[in-house]
Amino acid sequence: MPKLPFLFPRELALLQRRWNKEMRSLPVTAEPWLAAKARQWDSQTLESWILKHVHTRGAREFARTITRAVLCAEPRQVSYLCFLEYLRQGESLESLIGIEGGAQQDKFAGGAWQIPQRMAAQLGDSVQLDSPVHAVEQHHDGVSVISNGHTYRARHLIMAIPPVLAAKIRYNQPLPAKRNALLERMPMGSVIKIHVAYERAFWRLRGLNGGVVSNNRVFNVVFDQSLDDDGMGVLVGFIDADHAIAMSATDEATRRQQVISDLVHYFGPDAAHPIAYVEQDWTAEPWSRGCYVAHTAPGVITSFGDTLREPCGRIHWAGTETATRWCGYLDGALQSGIRAAQEVLNR
Ligand SMILES: Cc1cc2nc3c(=O)[nH]c(=O)nc-3n(C[C@H](O)[C@H](O)[C@H](O)COP(=O)(O)OP(=O)(O)OC[C@H]3O[C@@H](n4cnc5c(N)ncnc54)[C@H](O)[C@@H]3O)c2cc1C
Numbered sequence: 606m607p608k609l610p611f612l613f614p615r616e617l618a619l620l621q622r623r624w625n626k627e628m629r630s631l632p633v634t635a636e637p638w639l640a641a642k643a644r645q646w647d648s649q650t651l652e653s654w655i656l657k658h659v660h661t662r663g664a665r666e667f668a669r670t671i672t673r674a675v676l677c678a679e680p681r682q683v684s685y686l687c688f689l690e691y692l693r694q695g696e697s698l699e700s701l702i703g704i705e706g707g708a709q710q711d712k713f714a715g716g717a718w719q720i721p722q723r724m725a726a727q728l729g730d731s732v733q734l735d736s737p738v739h740a741v742e743q744h745h746d747g748v749s750v751i752s753n754g755h756t757y758r759a760r761h762l763i764m765a766i767p768p769v770l771a772a773k774i775r776y777n778q779p780l781p782a783k784r785n786a787l788l789e790r791m792p793m794g795s796v797i798k799i800h801v802a803y804e805r806a807f808w809r810l811r812g813l814n815g816g817v818v819s820n821n822r823v824f825n826v827v828f829d830q831s832l833d834d835d836g837m838g839v840l841v842g843f844i845d846a847d848h849a850i851a852m853s854a855t856d857e858a859t860r861r862q863q864v865i866s867d868l869v870h871y872f873g874p875d876a877a878h879p880i881a882y883v884e885q886d887w888t889a890e891p892w893s894r895g896c897y898v899a900h901t902a903p904g905v906i907t908s909f910g911d912t913l914r915e916p917c918g919r920i921h922w923a924g925t926e927t928a929t930r931w932c933g934y935l936d937g938a939l940q941s942g943i944r945a946a947q948e949v950l951n952r
């Protein structure tokens, strides 16, 4: 552990305490626009808040690094109110970034992709793949969804796609201006996820846990993703926020070189010779346009936020961004789907 200037850890502790106190003042109903200080907090970016309230270089860098890691956005792009609500949804800063007892504690053996695959297997033919919806038409007795020249009719529709993509759909009855303004102002974060495999988990042999959070390298968050079977070693990590946008504009060979160079910086020359490298650039994924979640700039929550879960005629809104707990996570997506289904059943 490097020696830290005395003031930095002290300010870090104060910062965490202050964030946790301020997020607890937000409504538990996930209506941050109703908070007593909503306008004040939504009138500034997280970066301007940091510059005003955080004084040591270390604590400022910590705040910026945390924002990139949890929202995949730069603090200058995010409203302070949006950031606090994200903390509140994830219970606290510690639980959001924590491994033991925190959001990073568990993983699905074999990968989370199995969840939709197993659900689809149960649903059978009612799942239509490769069918992007490009238009939604509301009628007095139902709603039609148009995709690949096919029209699907239903009494109600639950839209569970990222807001920025919902804004691109053509609606025969235009969405209310306020709702449309919200959808158009909820950009996704930017992230490239990368797995790097080695013949063995060499870092474990040296007593290292494989975890990294860096404030100045491109491949800035890394975890040990190896199975606990003494076999192949796997590191998983992320390039996020501005770095992701910059690296997305390069090619895979350039990104690979950068990632390996960062791993050598963290773990030494053993990291120079992986046996496999797999990357997924979520910024280029046309049906996500980024990850992990949408964020908002100043003014958006207090101007348009109250339309977030408000049905528009026969259209109900789900998706992790509409969750009241764990927005940005699978839990939030699930919770929002149950809530939207209940809304339809209650009509
Ligand atoms: C790299 C990465 C790591 C993550 N790690 C974690 C984690 O460790 N833990 C965790 O809980 N969460 C994690 N998340 C977040 C989690 O994946 C999301 O919170 C969750 O997937 C959101 O679910 P959703 O149903 O709201 O949206 P999505 O999963 O984005 O689903 C939306 C679906 O709509 C489809 N779609 C989009 N547009 C259209 C259209 N026009 N017509 C038809 N279909 C359309 C898309 O193809 C997609 O299948 C991670 C996300 C990423 C990208």
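For the record, in the sequence shown the residue sitting at position 242 is 847 according to this note's numbering, with numbers rising by one throughout. All C-beta atoms, glycine included, are put in the ideal place defined by N, C-alpha and C. What you are looking at is a predicted structure, and each value in this text was computed from that prediction instead of being measured.
Have a look at the options and flag the residue whose alpha-carbon is nearest the alpha-carbon of residue i.
i      : options                        : result
Pro793 : Leu676, Val905, Thr672, Ile704 : For the record, residue 793 in the displayed sequence is Met; it is not Pro. Considering only alpha carbons, the answer is Leu676.
Pro903 : Trp638, Ala643, Thr650         : Thr650
Phe909 : Tyr934, Trp808, Arg758, Cys687 : Cys687
Leu935 : Ala618, Asp711, His744, Arg809 : Asp711
Ala876 : Val883, Asp886, Ile865, Leu913 : Ile865
Ser752 : Asn820, Met628, Ser736, Gln719 : Ser736
His848 : Leu787, Phe824, Met724, Leu868 : Phe824
Ala854 : Val796, Ile920, Gly838, Tyr803 : Val796
Arg615 : Arg644, Ala668, Thr661         : Thr661
Ile883 : Arg894, Gln863, Glu857         : A quick correction: the sequence has Val, not Ile, at residue 883. Comparing Cα positions, the closest option is Glu857.
Ala953 : Gly937, Gly942, Ser731         : Absent from the structure is residue 953, since the part of the chain shown begins at 606 and ends at 952.
Gln694 : Thr927, Val949, Asn951         : Thr927
Glu705 : Arg758, Arg623, Gly816         : Gly816
Ala889 : Glu627, Lys783, Ile850         : Ile850
Met852 : Ile799, Trp922, Gly924         : Ile799
Val949 : Phe807, His761, Ala678         : His761
Leu939 : Gly716, Pro721, Ala643, Pro637 : Pro721
Ile766 : Gly933, Arg952, Asn951, Gln947 : Gly933
On the premise that residue j lies in contact with residue i, defined as a C-beta separation below 8 angstroms, what is that separation, rounded to the nearest angstrom?
i      : j      : result
Val801 : Leu832 : Val801 to Leu832, Cβ: 15 angstroms. No contact.
Ala664 : Phe613 : 6 angstroms
Thr929 : Ala635 : 4 angstroms
Leu631 : Glu690 : 6 angstroms
Ile920 : Val748 : 7 angstroms
Ile702 : Ile655 : Actually they are not in contact, since the Cβ atoms of Ile702 and Ile655 sit about 17 angstroms apart, beyond 8 angstroms.
Phe667 : Leu617 : 6 angstroms
Could you pull the start and end residues of the beta strand (DSSP E) that residue i belongs to?
i      : result
Gln885 : 881 to 886
Which partner residues of residue i appear in the DSSP bridge assignment?
i      : result
Ile751 : Ala740, Thr756
Gly842 : Ile799, Val827
Met764 : Trp922
Ala899 : Met793
Arg811 : Per DSSP, none; premise fails for Arg811.
Arg673 : Looking at the DSSP assignment, Arg673 forms no beta bridge with any residue, so it has no partner.
Phe917 : The sequence given here has Cys at residue 917, not Phe. Ile920.
Val817 : Val827
Along the chain, where does the alpha helix (DSSP H) containing residue i start, and where does it finish?
i      : result
Phe713 : Unbroken run through Phe713: none, as it is neither H nor E.
Gln940 : 935 to 950
Leu728 : 719 to 728
Leu960 : This structure does not reach residue 960, given that the chain is present from 606 up to 952, and the question cannot be answered.
Trp646 : 643 to 646
Met837 : Here Met837 belongs to no alpha helix (DSSP H), and DSSP marks it neither H nor E.
Trp654 : 651 to 658
Asp847 : 847 to 853
Ile702 : 698 to 702
Ala858 : 857 to 872
Ile774 : Run containing Ile774: none; DSSP gives neither H nor E here.
Thr634 : No alpha helix (DSSP H) contains Thr634, which DSSP labels as neither H nor E.
Val905 : 905 to 909
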